[in-house]
Amino acid sequence: MTPIAAWANPSGPVDGDAYDRICRLVCDAVAQGCDAVFLDLHGAMVVADRTDDGEGTLLEKVRAIAPRVPIAVSLDLHANLTERMVRNCDVIAGYKTYPHVDQYEAGHLAGGILLRALEGKVKPVMAWGNRPLLAQTLRENTGERPMKDFVDAARAAEKHGLLAATAFGGFQQADIHDAGISVVTVADGDRAKAQAACEAILDVAWRQKEDFVYRGEPLEQAIARAKRMAEETGGPILLLDHADNCASGATQDTMYVLKEALRQGLTGIAVGPVRDPQAVERMIAAGVGARLTLKVGGKMDMPAIGEKGEPLELTGVVRAITDGEYTITGPQFQGMRCYMGRTAVLDTGAAEIVVIERNQEPWDRGVFTSVGIDPAARRFLLLKSRMYFRPVFLPIAKGMVFCDSIGVGSSEWTRFEYKKLRRPIYPLDEFAAAHR
Ligand SMILES: [Zn+2]
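As numbered in my numbering, residues 756 to 1191 make up the sequence shown, in order.
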């Protein structure tokens, strides 16, 4: 049976009461008696007033109820692995892709080992470890170095006899002791083998630690570069507002990148989506075809980085109003029905801005096509995206520029004040070349 399936965008700590309720549903189901437990978890949950280790604490509760029942867990590549998680289950396998396109394979791997363990065919034993390395998600694309090497080392370990091996990039915005890169390995009965492989995979990442750091450029320079690229190629050029990516915890309503693009005279920009329920309300009240001046975005403050929201005043025509629903046609979550909330498009002449009521990142062309915008026909696509634009928008783009801006999903470490993170940790602290 499945006692509960729940999902949320990354954001601040999980509400303690919600966590208790979800844990209770899982624990009650286990208490009724079962042969095995499989939990599909993320791995970087922090819970307000409860625990910095949401998954480890849940697993501890489950194990206490059914100490002899085998437990398997699948995790996201951005899990912050802890000793408590590993101690309280029997099998862990995580995603090996980012953008994540192998959720099914990770679940299949963990579940397959669990089934064979139940049949007495294997005896899974785990080892885990980490390195003091805070990798930036922009450098965790598994299609290129250094993350590709890290994940490939895990794949190679599976080819050489391990039941499972996973290389985790970690979730750096969580201010907890164990944030950062880690590895877990599962061997058949041979703990020393699991441990040796785990250390070897970790060393692959540590040797390339400098390459896990994202190095950006000033916003003004990035926009100027994008402008030249569009003049040379005709576009579309992707303007990637990665710091305001809601799937990284951001508010999805900052306007700094658009403001700079308009200041430098860029035209033919499709922007999306921006979350601003108040602006949607005003545009719906005005109706399609109406011309109006309103403040867009910047409605939410960002206390985590000490910034206030800054709306952008724009004048334009309401081009479209929809219910914000579409079905994904791209490779990620294909066929899934999506709900952006009520949606309106403001056309300022230079930019068409898709404004929505609910958080949703541009993970499919449907965020534009559902409101009548053909993204392939625009000079610039300003996307509040960090990684998921790759399989969807890169194929129609003539180039991409990462536009560093203010947002909770920022890759500038200096914006964050870490209190609980273990120190020293790279790149916040320096390490001698030989240190491990
Ligand atoms: Zn992830």
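We treat Cβ as the ideally placed atom computed from N, Cα and C, and that holds for glycine. Model, not experiment: these values are computed from the prediction.
Compute the Euclidean distance between the alpha carbons of residue i and residue j, then round it to the nearest angstrom.
| i | j | result |
| --- | --- | --- |
| T1009 | A911 | 42 Å |
| G788 | I820 | 10 Å |
| L993 | I978 | 10 Å |
| G898 | L1101 | 36 Å |
| D1159 | F1123 | 23 Å |
| V781 | G1104 | 52 Å |
| R1074 | A1099 | 7 Å |
| M1091 | V1026 | 22 Å |
| L1047 | T921 | 52 Å |
| G1064 | G1162 | 10 Å |
| D808 | A799 | 7 Å |
| A1106 | G849 | 40 Å |
| V880 | L864 | 15 Å |
| T1006 | D945 | 46 Å |
| A763 | G1121 | 21 Å |
| H855 | P1146 | 11 Å |
| H1190 | K964 | Residue confidence for H1190 is low, a pLDDT of 49 falling below 50, so the modelled location carries little weight; the figure read from the coordinates is stated next. H1190 and K964: Cα-Cα distance of roughly 12 Å. |
| F967 | E1185 | 14 Å |
| I1128 | V1043 | 15 Å |
| I1111 | R1030 | 5 Å |
| R962 | A955 | 11 Å |
| Q976 | A786 | 59 Å |
| N1000 | L974 | 16 Å |
Looking only at its chain, what residues have a beta carbon closer than 6 Å to the beta carbon of residue i, apart from the 5 residues adjacent to it on each side?
| i | result |
| --- | --- |
| K1175 | D930, I931, H932 |
| E972 | none |
| E895 | Y853, M902, G924 |
Short check: CB of residue i to CB of residue j, under 7 Å?
| i | j | result |
| --- | --- | --- |
| G1004 | Q928 | yes |
| V1109 | P1028 | yes |
| L832 | G924 | yes |
| A981 | E1116 | no |
| A882 | Q950 | yes |
| N835 | L814 | no |
| V877 | R886 | no |
| L888 | Y1081 | no |
| V939 | L957 | no |
| G1071 | M1095 | no |
| L1067 | G1052 | yes |
| D795 | S829 | yes |
| G811 | R839 | yes |
| P758 | A784 | yes |
| D1119 | I1083 | yes |
| Y1011 | L893 | no |
| L918 | A952 | no |
Opposite residue i in the DSSP bridges: which residues?
| i | result |
| --- | --- |
| N885 | S937 |
| V769 | V802 |
| K1050 | E1068 |
| G849 | L830 |
| Y1094 | E1080 |
| V792 | I826 |
| A1075 | V1100 |
| I931 | Bridge partners of I931: none, in fact. |
| I777 | Partner(s): none; I777 has no beta bridge. |
Closer than 7 Å, CB to CB, is residue i near chain B or not?
| i | result |
| --- | --- |
| V941 | This model lacks chain B altogether; it includes just one protein chain. |
Leaving out five residues on either side along the sequence, give the residues of the same chain with a beta carbon under 7 Å from the beta carbon of residue i.
| i | result |
| --- | --- |
| G866 | F793, A827 |
| P869 | Going by the sequence as given, residue 869 is Leu instead of Pro. Once the five neighbours on either side are set aside, the close Cβ partners of L869 are A791, F793, P825, A827, V846. |
| P768 | V801, V802, A803 |
| I1039 | I1076, R1097, A1099 |
| V906 | K851, T897, A922 |
| R1170 | I1060 |
Spatial neighbours of residue i within its chain, please: C-beta separation below 8 Å, excluding the five flanking residues on both sides.
| i | result |
| --- | --- |
| L995 | L1138, S1140, R1141, F1144, M1155, V1156, F1157, C1158 |
Would the segment 1046-1063 count as touching the segment 822-830 if we require 3 or more Cβ pairs under 8 Å? no
Does the contact criterion of 3 or more C-beta pairs under 8 Å hold for the segment 1146-1154 versus the segment 980-994? yes
Does the segment 1019-1028 come close enough to the segment 1119-1137 that 3 or more CB-CB pairs lie under 8 Å? yes
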